[in-house]
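So in UniProt numbering, the last spot in the sequence shown is 334, and the numbers never skip.
Even glycine gets a Cβ: it sits at the ideal position worked out from N, Cα and C.
A quick note: this is a predicted structure, and the numbers were derived from the prediction, not measured.
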Amino acid sequence: MQTAEESEIGDDDFFQDVDVLQSHGINVADIKKLKAAGICTIRGLQMCTKKRLCAIKGISEAKVEKIKEVVVKLSECGFLTALEVSVKRRHLFKISTGSLELDKLLGGGIESMAITETFGEFRTGKTQMSHTLCVTAQLPNNNGYSGGKVIFIDTENTFRPDRLRIISDRYNLDQEAMLDNVLYARAYTSEHQFELLDYVAAKFHEEAGVFKLLVIDSIMALFRVDFSGRGELADRQQKLAQMMSRLQKLSEEYNIAVFITNQMTADPGATMTFQADPKKPIGGHILAHASTTRISLRKGRGELRIAKIYDSPDMPENEATFSITSGGINDAKD
Ligand SMILES: Nc1ncnc2c1ncn2[C@@H]1O[C@H](COP(=O)(O)OP(=O)(O)O)[C@@H](O)[C@H]1O
Ligand SMILES: [Mg+2]
Numbered sequence: 001m002q003t004a005e006e007s008e009i010g011d012d013d014f015f016q017d018v019d020v021l022q023s024h025g026i027n028v029a030d031i032k033k034l035k036a037a038g039i040c041t042i043r044g045l046q047m048c049t050k051k052r053l054c055a056i057k058g059i060s061e062a063k064v065e066k067i068k069e070v071v072v073k074l075s076e077c078g079f080l081t082a083l084e085v086s087v088k089r090r091h092l093f094k095i096s097t098g099s100l101e102l103d104k105l106l107g108g109g110i111e112s113m114a115i116t117e118t119f120g121e122f123r124t125g126k127t128q129m130s131h132t133l134c135v136t137a138q139l140p141n142n143n144g145y146s147g148g149k150v151i152f153i154d155t156e157n158t159f160r161p162d163r164l165r166i167i168s169d170r171y172n173l174d175q176e177a178m179l180d181n182v183l184y185a186r187a188y189t190s191e192h193q194f195e196l197l198d199y200v201a202a203k204f205h206e207e208a209g210v211f212k213l214l215v216i217d218s219i220m221a222l223f224r225v226d227f228s229g230r231g232e233l234a235d236r237q238q239k240l241a242q243m244m245s246r247l248q249k250l251s252e253e254y255n256i257a258v259f260i261t262n263q264m265t266a267d268p269g270a271t272m273t274f275q276a277d278p279k280k281p282i283g284g285h286i287l288a289h290a291s292t293t294r295i296s297l298r299k300g301r302g303e304l305r306i307a308k309i310y311d312s313p314d315m316p317e318n319e320a321t322f323s324i325t326s327g328g329i330n331d332a333k334d
């Protein structure tokens, strides 16, 4: 019998290319169409419903059936033993936030194969944290993490490469080399934000194992503009659910840490129910369930900020204090 160690999923299996379909009777033109739709790996195909595949222009239902058959054959069954899962999770890595205290709160930092959401009011440090992660994601650590490239999607026009320069000085990184490892896109509409994810998938695929972090600052800003009022809420939430599902799959497919920021809003119902904290992150249940770990931020004295674990599958609800410095997120000095 094979041990879990022997059947360890190597990086090759991790990024099994859709090109292998060729040797199973799927033609190159169809494979190209899959790639153009952002589906570049067998795992990515597994994550797609037949409905989504049928929606790809030029791919017939019969073709979809055939592709799905091959995928099933290639990936055998979907079950693993818990031991195998545990071995697989060794691929997981954590990216430092810049503050050791905050890292400790998060069990080491921002985790790969997961979505970490940070929400808080204006000026609580969400964008500063996004910037800091662009730099720390490039630092190898002694837990076997090699560091890697970053994609930054900016919806509020608050990305500042000059901030990255100063943060990289703190870590003695070459400024230009560091900036060269961060791919930036400004999203102008919620649809554009979604479309960019196809490009993101293609990039992750093209340079397999090189990208480690995807930042979206912020996830909801454009949805808020594009959908207004109660009448469009259901539509908005459906689109949001699709985007979050795509992000979750990307993070698992390519072993990427996804970091998103979110705004808060006063909950109009809260004063009626005498809630202690009437402010809530926006995005409702969809976002609440889609994010793996949620961190709430609030202001402290001066440059101090307090982070609280709001929701996590494996961390207790604790707090940590950190500070916003010119070198990015750091521990609070006492
Ligand atoms: N270069 C800097 N040095 C120190 N603090 C900074 C710097 N730039 C911004 N800040 C601080 O960061 C805070 C804003 O954080 P930001 O991440 O933009 O908030 P959010 O995205 O949550 O609205 C402000 O309090 C500001 O003083
Ligand atoms: Mg911001």
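Straight across, the Cα-Cα distance linking L106 with Q175 is about 28 Å. Nearest in C-alpha terms to E206, of all of Y254, I216 and L213, is Y254. Taken atom to atom, the span from the alpha-carbon of L287 to that of A234 is near 14 Å.
Taking non-hydrogen atoms of ligand 1 into account, the C-beta of I153 is found less than 7 Å away from none of them. Annotation: T118 to L53 spans about 33 Å, alpha carbon to alpha carbon. Pairing R170 with G327 gives a Cβ-Cβ distance under 8 Å.
The Cβ atoms of I151 and V200 sit closer than 8 Å to each other. Residue state for D314 is assigned as coil, using DSSP reduced to three classes. Here F122 is exposed. Its C-beta has fewer than 16 other C-beta atoms within 10 Å. Straight-line measurement puts the Cα of T41 at about 14 Å from the Cα of I26.
Contiguous alpha helix (DSSP H) elements confined to the region 61-137 occur at 61-75, 82-88, 100-105 and 126-136, taking only those with 4 or more residues.
If you check the CB distance, I153 and I216 come in under 8 Å. Distance between L179 and K66, taken at the CA atoms: about 43 Å. Distances taken from the Cβ of E117 to the heavy atoms of ligand 1 include none shorter than 7 Å. Taking all protein chains shown into account, T189 has fewer than 16 neighbouring C-beta atoms within 10 Å of its C-beta and is therefore exposed. Distances between the C-beta of T158 and the heavy atoms of ligand 2 include at least one below 7 Å.
For N181, the number of other beta carbons within 10 angstroms of its own is at least 16, and it is reported as buried. I329 places its beta carbon less than 8 Å from that of G98. Proximity to T261 across K299, R224 and I219 peaks at I219, based on C-alpha coordinates. Contiguous alpha helix (DSSP H) elements confined to the region 216-273 occur at 221-226, 233-253 and 270-273, taking only those with 4 or more residues. Linking Q16 to K299 through their CA atoms gives a straight-line distance of about 45 Å. E191: member of the alpha helix (DSSP H) spanning S190 to E206, first to last residue.
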